[in-house]
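Right, one structure below, let's go through it.
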Amino acid sequence: MKRKPYIAGNWKMNCTNDKAAILADELKEKLDGISGIDIGVFPPFTALSSVAENLKNTNIIVGAQNMGQYESGAYTGEISGDMILSTGSTSVILGHSERRGYYFENDEMINSKLKAALLKGLNPIVCVGELLEEKEKGLLKSVLRRQISKALDGISKQDISKVVFAYEPVWAIGTGKNATSSDAEEGCQFIRTVIGDIFHPTRAMESRILYGGSVKSANISEYRSLENVDGALVGGASLKADEFSKIIKGWLES
Ligand code: PGA
Numbered sequence: 320m321k322r323k324p325y326i327a328g329n330w331k332m333n334c335t336n337d338k339a340a341i342l343a344d345e346l347k348e349k350l351d352g353i354s355g356i357d358i359g360v361f362p363p364f365t366a367l368s369s370v371a372e373n374l375k376n377t378n379i380i381v382g383a384q385n386m387g388q389y390e391s392g393a394y395t396g397e398i399s400g401d402m403i404l405s406t407g408s409t410s411v412i413l414g415h416s417e418r419r420g421y422y423f424e425n426d427e428m429i430n431s432k433l434k435a436a437l438l439k440g441l442n443p444i445v446c447v448g449e450l451l452e453e454k455e456k457g458l459l460k461s462v463l464r465r466q467i468s469k470a471l472d473g474i475s476k477q478d479i480s481k482v483v484f485a486y487e488p489v490w491a492i493g494t495g496k497n498a499t500s501s502d503a504e505e506g507c508q509f510i511r512t513v514i515g516d517i518f519h520p521t522r523a524m525e526s527r528i529l530y531g532g533s534v535k536s537a538n539i540s541e542y543r544s545l546e547n548v549d550g551a552l553v554g555g556a557s558l559k560a561d562e563f564s565k566i567i568k569g570w571l572e573s
């Protein structure tokens, strides 16, 4: 089955509004006219409105890096789904390992956030992946199965097709030590198996699963021909327009 590839850039806690505007301008110019692939950028909350406005009517999707699971109210410091939508953004990253690791987000929270995002019509990217010690103990599959099953608890058959997954082994994020193509394929293939077990293998074949962890233009070709890898979630290398556009063009090269 042919799934549309997707390359997304997670800007993390980088880019004040002036820098975000420059990066968005450069991306608009460099990525103009590229088709056959979805392209997304995930700026910090503070830059969402301006970047979404700047990239309106382009081929670039804009989304947030996190969202609160509640509708509104006394949740100091949180950002709701409606607030994200009101910036003109249409997507959101959930369950990133930095949220899980540094801010103690657990599987139940990620499940609530996913339900809230889907209810609002935001297109979510759900991140999963194992720690180095879990990999070394042979726990890859049990960790992925737990993360996926809990994230998808109560999600409907209709909604599963709107969810993009990112397999991001924690040991590969920001370390410069990208996963080998066989590690990436193994993780993404297993995620597809779990989705198939929960829903149906046909549904799982429709799901897009990205690899993330130290992706750059020099290694993107290792992933593009893999059967179960449908694109990449890029961190550090998405902060330079030239490098990010090279990654996208690198994916499209046959
Ligand atoms: P990295 O980050 O590309 O800087 O390793 C990936 C991610 O956190 O999504």
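Add 319 to a position in the sequence shown, counting from 1, and you land on the number used in my numbering. Ideal Cβ positions, reconstructed from N, Cα and C, are used throughout, including at glycine. Note that the structure is predicted; figures quoted are calculated from it, not measured.
Exercise. For residue 441, which option in 448, 415 and 408 has the closest C-alpha, if you only look at C-alpha atoms?
Worked result: Residue 441 has its Cα closest to that of 408, out of 448, 415 and 408.
Problem set entry | Identified DSSP bridge partners for residue 552 | Looking at the DSSP output, residue 552 sits in a beta bridge with 327 and 531.
Exercise. Counting Cβ pairs closer than 8 Å, one from the segment 371 to 386 and one from the segment 505 to 514, do we hit at least three?
Worked result: Fewer than three beta-carbon pairs drawn from the segment 371 to 386 and the segment 505 to 514 are found closer than 8 Å, and the two stretches are therefore not classed as touching.
For this session: Look at the Cβ atom of residue 529, then the Cβ atom of residue 398, and state whether they are nearer than 9 Å.
Result: Contact flag unset, no.
Problem set entry | Nearest candidate by alpha-carbon position, reference residue 572, set 423, 550, 367 and 364 | A check of alpha carbon separations from residue 572 across 423, 550, 367 and 364 identifies 550 as the nearest.
Exercise. Enumerated in chain order, which unbroken segments of the alpha helix (DSSP H) with a length of 4 residues or greater are wholly contained in the segment 360 to 426?
Worked result: Counting whole runs of 4 or more residues, the segment 360 to 426 contains the alpha helix (DSSP H) stretches 364 to 373, 400 to 405 and 416 to 421.
Problem set entry | Coarse secondary structure for residue 509, derived from DSSP in three states | Look at residue 509 here: in three-state DSSP terms it is helix.
Exercise. Taking the C-alpha atoms as reference points, what is the distance between residue 357 and residue 522?
Worked result: Between the alpha carbons of residue 357 and residue 522 lies a gap of roughly 20 Å.
For this session: Compare the C-alpha of residue 464 against each of 436, 490 and 426 and name the closest.
Result: If we check each option's Cα against that of residue 464, 426 comes out closest.
For this session: Taking residue 518 as part of the alpha helix (DSSP H), name the residues at either end of that continuous run.
Result: Annotation: residue 518 is outside any alpha helix (DSSP H) and is labelled neither H nor E by DSSP.
Problem set entry | Meets three-Cβ-pair contact criterion under 8 Å: the segment 543 to 562 and the segment 330 to 337 | With the rule of 3 Cβ pairs closer than 8 Å, the segment 543 to 562 counts as touching the segment 330 to 337.
For this session: Leaving aside the five residues before and after residue 436 along the sequence, list all residues of the same chain whose C-beta is less than 7 Å from its C-beta, in chain order.
Result: 386, 400, 411, 413 and 443.
Exercise. Are the segment 481 to 489 and the segment 449 to 464 in contact at 8 Å, needing three or more beta carbon pairs?
Worked result: Counting Cβ pairs under 8 Å, three or more are found: they touch.
Exercise. Are residue 563 and residue 346 close, meaning C-beta to C-beta below 9 Å?
Worked result: Annotated as proximal: residue 563 and residue 346, with beta-carbon spacing under 9 Å.
Exercise. Exposed or buried, which one is residue 362 when buried takes at least 16 other CB atoms within 10 Å?
Worked result: Residue 362 should be labelled buried.
For this session: Leaving aside the five residues before and after residue 476 along the sequence, list all residues of the same chain whose C-beta is less than 7 Å from its C-beta, in chain order.
Result: Here the set comprises 518 and 522.
For this session: Report the partner residues of residue 486 according to the DSSP bridge assignment.
Result: Answer by DSSP bridge pairing, in chain order: 447 and 530.
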